[in-house]
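Residue numbers (the numbering used here), protein chains in the order written: chain A, 60 to 355; chain B, 569 to 1194; chain C, 440 to 612. All C-beta atoms, glycine included, are put in the ideal place defined by N, C-alpha and C.
Structure (structure tokens):
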């Protein structure tokens, strides 16, 4: 029992620390690519401490307050359902299909909170976020279907177990893995898919009225979000890991790859972003699906 | 002789007459009768819980028995019907008070309930058809009691219904001529000796009727108009139960009357499935995809719900046509749960219209401060509609996805999942434009809806939570239905699905428990930090500009306009336009024929009568068609 | 004892907080042209945790870059009041100190300090990026010693500031 409670605390903590480290590392890495010195590694943590300790916080209503809270709790819930080495408490309570819907809970909370701020920039940001979601979901869902078809199960732990001994999803179905990586990349909202936040267009979109502890919560949520997206990809295509160290290394590698793209791209318009996802990634996802359907 | 089915069937009719007569005395008498009799119907239906087939032979016509019967499938439908009708009756009391002909409204409302019960309780084709036709007409009279445009919408509705009903009438006649019997139980055995072409044509004739009522693409065009222009309590009945009657009819005919054995030899198998099912699956898939995409672009609250009904009923048909244990159970569960959350949403929107007088989303906003009960009801409704755990929309969708994975129909799985994602877009639009955003100054004095409107909302909202956390409750009844239609009943626990019932296990209570724990942690962290200060909605970021009440600072018109740009090439194809062109052509034709016939509705009906007469003559004179 | 712990806690918090200061990306006069080099590779203020942010709700520092005419003053005050405590104002260039070359102008305010509490001035026309970086370092010191208390002064002397604002802006809200 004590062990279970300890795990229930440690797993989100691990996720948070990984997320916050990756965020700090990314800022340093982007700075180096741009030939800057860059902020210290713990800068995101300092930002969060600063935001949480603001002496004054504003609110536009109850949903505005609850928005970041639901976002964070949704993220923590999702972390529990993503296979992490050494953690199996909830493996029987949900599967990949359920996970797709569990991941939405947090976004819904944030959308409601941002909506209540009454700022049109926030509403536009949310409208863009949802439309973009429809965009990257199409190739992503096809890729997931391919994975399910390949391993013939929807249980995440069984999918991870089926990829032991270097029988990684990325080696068995390389095209699908690339497509899923692009979709994951879009889900993380990095350039060129940074249409939701887009500071120059919609003033950070959903976050426009958020400051102080609300924004601090959203930044914690963002750290979780980085972990969730990359860990899910790792579990589905990179074979999970046997211990936390390897798991972290795989996520770290993915994140470095992702940061290279993020640094050099400008930003799509929302229409172009959705059209992009519905064009080549979808076509290649279908090709990957066809290969698995024929090859078995 | 056991007359209890007859009592059950007659209760709503008696209620309607008494409510009408009571209304002539005083309106409180009318309310009392309306409430009592809708409650009585539920009680009578509930009394049948768990009982096996109960039937009653009540007459004899054309040498065939006329039968009423109650089985577990009709019980499921009947309990949903009577519950939604009770809620709708309560909601109607404030809503319809000021309208003219309010007595007639209750009369028709109860007759609609009676005829619907008649359809699901019918044990023979003739009873089925008579009640079906009455149902169409009574619902038409109810639809045209709505907004100014409702008469046009109702016209469209009744025309399409008539086309379907006449198709069914031809089918019924053909069956009778061949078998000399209307009774359901006899038909299957007697049809088995007929030629395959005959069976398929009869089935197709009935299927057209049912698909029109269930508004499956491309036969959906009557639905958005009728749903959005009808009075709100009627909309919730139409969407909550009337559409389900179409689905019920379709699958009652497929699984029970015709039976799978009949189709087996006749219809070729495609992708390991009977062709009928493949066609139905893809029609349902189309409904999901385009219903969702069209709902995203609507500017009118009730139209969003109407299009989303098309999509959600698509899930029902998809689940049922998968013809596997998990799929059929998922479809039936979606049938029950969709009735709950869609009626709830129609009630909330009805309440908004009642208080603000508009259903145009760009004129609303910020009502969360004024109508908290409505807001929470709608929040629960949209979470359920979007299929997000732990509310009741999640379990059926999960089951349907699992069934699709079991069948390895990956493309349909993709369509269904994309439909799920698309539903987030329109539900957010709905709640955002009504309840979030800036409150326009003209709604400063808007109050929460009256208590009688709140009761149905709260009751249905509670049901979404209970059925969401414990899908085992409705699944108990659904497993009985599966036994009745001769299928392996689904395995389930109170809170989810055990090992072996699907590809994976599910425990909704554990998911929601973890969510509550995470929420408690986040909430405690939130309140332990420095306090928040409430600011006015005009104290808002506008790049330094001062926002006042004269500034229109709200984003609600053309919410997904960029989505329209993306989808423009596809939306040029419109089923509605094909029908409109056809109508125009028929009008021109009618202008020429008008010398013989009088114009208007009768003209259209007359065509059908003539066609039927020709077929009749052909059958009677020639003796056989095939 | 409790008080000491609280004070210690606050000191630690302040020393952490000063390492993450976000600027409101809002530029008034010509001085804004000196900010891009300060942000980018050559001077890189990001290494002190100082980054530009978009909305006042998210930001800690308001830099008034250059002259402020009366129209702009209204926006600046609105933005300043929308920022969350603790918040700091940096007056940038000689225009914000005494009007600079706009001393004679009818539409430019001369002394920013009369309308909102300024924690720190950077003298010069224009101040170089080195000066800006130096001012940030100095602001951090002020935060450390508790001298950067403009937001408190604004609350205490609200009537004074409001009166001065009214004088030039009239009754504007």
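inquiry  = For residue 1094 of chain B and residue 109 of chain A, which I take to be in contact (beta-carbon distance under 8 Å), what is that distance rounded to the nearest angstrom?
reply    = Numbered from its first residue, the second chain carries residue 1094 of chain B at position 526. Numbered from its first residue, the first chain carries residue 109 of chain A at position 50. Residue 1094 of chain B to residue 109 of chain A, Cβ: 17 Å. No contact.
inquiry  = Can you check whether the C-beta of residue 284 of chain A is within less than 8 Å of a C-beta belonging to chain B?
reply    = If you number the first chain from 1, residue 284 of chain A lands on position 225. Residue 284 of chain A does not count as touching chain B.
message = Counting C-beta neighbours from all protein chains within 10 Å, is the total for residue 177 of chain A 16 or more, i.e. buried, or is it exposed?
response = Walking along the first chain from the start, residue 177 of chain A turns up at place 118. By the 10 Å Cβ count, residue 177 of chain A comes out buried.
key: Beta carbon proximity, residue 1194 of chain B to chain A, threshold 8 Å   = As a working note, residue 1194 of chain B is residue 626 in the second chain. Residue placement at residue 1194 of chain B is flagged as unreliable, the pLDDT there being 46, under the threshold of 50; the coordinate-derived value follows with that caveat. Closer than 8 Å: no.
message = For residue 663 of chain B, which residues in the same chain have their Cβ closer than 8 Å to its Cβ, ignoring the five residues on either side in sequence?
response = Sequence index remark: in the second chain, residue 663 of chain B carries index 95 (1-based). Cβ neighbours of residue 663 of chain B beyond the five flanking positions: 799, 800, 801, 918, 922, 1021.
ask   = Could you give the distance in angstroms between the alpha-carbon of residue 612 of chain B and the alpha-carbon of residue 575 of chain B?
value = As a working note, residue 612 of chain B is residue 44 in the second chain. As a working note, residue 575 of chain B is residue 7 in the second chain. The alpha-carbon atoms of residue 612 of chain B and residue 575 of chain B are separated by roughly 9 Å.
key: Cβ-based burial, residue 106 of chain A [other Cβ within 10 Å; buried from 16]   = What you label residue 106 of chain A is simply residue 47 of the first chain in a count that begins at 1. Classification for residue 106 of chain A: buried.
message = Quick check on this structure: which residue in B:978, B:1023, B:937 has the alpha carbon closest to the alpha carbon of residue 1004 of chain B?
response = Taking the first residue of the second chain as position 1, residue 1004 of chain B is located at position 436. Selected option, being the one with the closest Cα: B:937.
key: Residue-level contact to chain B via CB, residue 281 of chain A, 8 Å cutoff   = Start at 1 with the first residue of the first chain, and residue 281 of chain A comes out as number 222. Chain B, which has no Cβ nearer than 8 Å to the Cβ of residue 281 of chain A, makes this no.
query = chain C beta carbons: is any one of them nearer than 8 Å to that of residue 1107 of chain B?
reply = Stepping through the second chain from its first residue, residue 1107 of chain B is reached at position 539. So, interface residue.
Closest Cα partner of residue 746 of chain B within the set B:733, B:762, B:731 = By one-based count along the second chain, residue 746 of chain B stands at place 178. Nearest C-alpha to residue 746 of chain B: B:762.
ask   = Expressed to the nearest angstrom, what Euclidean distance is found between the alpha-carbon atoms of residue 352 of chain A and residue 973 of chain B?
value = Translated into positions along the first chain, residue 352 of chain A becomes position 293. Translated into positions along the second chain, residue 973 of chain B becomes position 405. Near 13 Å, if we compare the C-alpha coordinates of residue 973 of chain B and residue 352 of chain A.
Through-space distance from residue 451 of chain C to residue 75 of chain A, alpha-carbon basis = Walking along the first chain from the start, residue 75 of chain A turns up at place 16. Walking along the third chain from the start, residue 451 of chain C turns up at place 12. Straight-line Cα distance between these residues: approximately 22 Å.
query = Is it true that the CB of residue 714 of chain B sits closer than 8 Å to the CB of residue 584 of chain B?
reply = Locating residue 584 of chain B in the second chain gives position 16, counting from the first residue. Locating residue 714 of chain B in the second chain gives position 146, counting from the first residue. Contact flag unset, no.
task = Answer yes or no: does any C-beta atom of chain C fall closer than 8 Å to that of residue 1095 of chain B?
result = Translated into positions along the second chain, residue 1095 of chain B becomes position 527. Residue 1095 of chain B does not count as touching chain C.
inquiry  = So if I threshold CB-CB distances at 9 Å, which residues from the region 265-280 of chain A count as touching chain C?
reply    = 266, 267, 268, 269, 270, 271, 273, 274
inquiry  = I want to verify the contact list: residues of chain A whose CB lies under 7 Å from the CB of residue 493 of chain C, in sequence order.
reply    = Reading the third chain from its first residue, position 54 is the one you call residue 493 of chain C. Per Cβ cutoff of 7 Å: 258, 262, 263.
Best match in B:592, B:639, B:577 for proximity to residue 1049 of chain B [C-alpha to C-alpha] = In the second chain, counting from the first residue as 1, residue 1049 of chain B sits at position 481. The option with the nearest alpha carbon to residue 1049 of chain B is B:639.
The region 232-245 of chain A touching the region 991-1003 of chain B, judged by at least three CB pairs closer than 8 Å = no
key: Own chain partners of residue 102 of chain A with C-beta closer than 8 Å, once the 5 adjacent residues on each side are dropped   = Taking the first chain and counting its residues from 1, the one referred to as residue 102 of chain A is at position 43. Once the five neighbours on either side are set aside, the close Cβ partners of residue 102 of chain A are 83, 86.
query = Looking at C-alpha atoms only, which residue of A:256, A:144, A:215, A:117 is the closest neighbour of residue 155 of chain A?
reply = As a working mapping, residue 155 of chain A is identified with position 96 in the first chain. Nearest option by C-alpha distance: A:215.
Segment limits, alpha helix (DSSP H) that includes residue 801 of chain B = Numbered from 1 along the second chain, position 233 holds the residue referred to as residue 801 of chain B. That run of the alpha helix (DSSP H) goes 800-805.
ask   = Alpha carbon to alpha carbon, what distance is there between residue 288 of chain A and residue 299 of chain A?
value = Within the first chain, the letter at position 240 stands for residue 299 of chain A. Within the first chain, the letter at position 229 stands for residue 288 of chain A. Approximately 13 Å between the Cα atoms of the pair.
request  = Quick one: give me the first and last residue of the alpha helix (DSSP H) that residue 949 of chain B is part of.
outcome  = As a first step, residue 949 of chain B is located in the second chain; it is residue number 381 there, counting from the start. Looking at the DSSP string, the run of the alpha helix (DSSP H) that includes residue 949 of chain B is 940-954.
ask   = Are the C-beta of residue 1090 of chain B and some C-beta of chain A separated by less than 8 Å?
value = Within the second chain, residue 1090 of chain B is the residue found at index 522, counting from 1. At least one chain A Cβ lies under 8 Å of residue 1090 of chain B.
key: Within the region 78-126 of chain A, ranges of the beta strand (DSSP E) (whole runs, at least 3 residues)   = 116-118
query = So with Cβ pairs under 8 Å, would you call residue 1005 of chain B a contact of chain C?
reply = Here residue 1005 of chain B refers to the residue found at position 437 of the second chain. Judged by the 8 Å Cβ criterion, residue 1005 of chain B is not in contact with chain C.
task = Could you check the C-alpha separation between residue 573 of chain B and residue 579 of chain B for me, to the nearest Å?
result = To locate residue 573 of chain B, count along the second chain from 1; it is residue 5. To locate residue 579 of chain B, count along the second chain from 1; it is residue 11. Each residue's alpha carbon lies about 10 Å from the other.
query = Counting Cβ pairs, one atom from each stretch, are 3 or more of them under 8 Å apart for the region 819-827 of chain B and the region 784-798 of chain B?
reply = no
Short CB-CB distance (under 8 Å) between residue 75 of chain A and chain C = Here the question's residue 75 of chain A lines up with position 16 in the first chain. Residue 75 of chain A does not count as touching chain C.
query = By the 10 Å Cβ neighbour count, where 16 or more other Cβ atoms means buried, how is residue 203 of chain A classified, buried or exposed?
reply = Position 144 of the first chain holds residue 203 of chain A. With 16 or more other Cβ atoms within 10 Å, it is buried.
query = Which whole-angstrom value describes the C-beta separation of residue 751 of chain B and residue 633 of chain B, a residue pair presumed to lie in contact below a C-beta threshold of 8 Å?
reply = Working through the second chain from its first residue, we reach residue 751 of chain B at position 183. Working through the second chain from its first residue, we reach residue 633 of chain B at position 65. Going by Cβ atoms, the distance from residue 751 of chain B to residue 633 of chain B rounds to 5 Å, so yes, they are a contact pair.
key: Chain-order list of residues whose beta-carbon lies under 7 Å from that of residue 524 of chain B (same chain, five-residue window excluded)   = An answer regarding residue 524 of chain B cannot be provided, because it is not within the stretch 569 to 1194 covered by chain B.
ask   = If you compare alpha carbons, which of A:284, A:316, A:195 is closest to residue 252 of chain A?
value = Mapped onto the first chain, residue 252 of chain A falls at position 193. Nearest of A:284, A:316, A:195 to residue 252 of chain A, Cα basis: A:195.
DSSP beta-bridge partners of residue 232 of chain A = Position 173 of the first chain, counting from 1, holds the residue named residue 232 of chain A. Its beta-bridge partners do not exist; DSSP assigns none.
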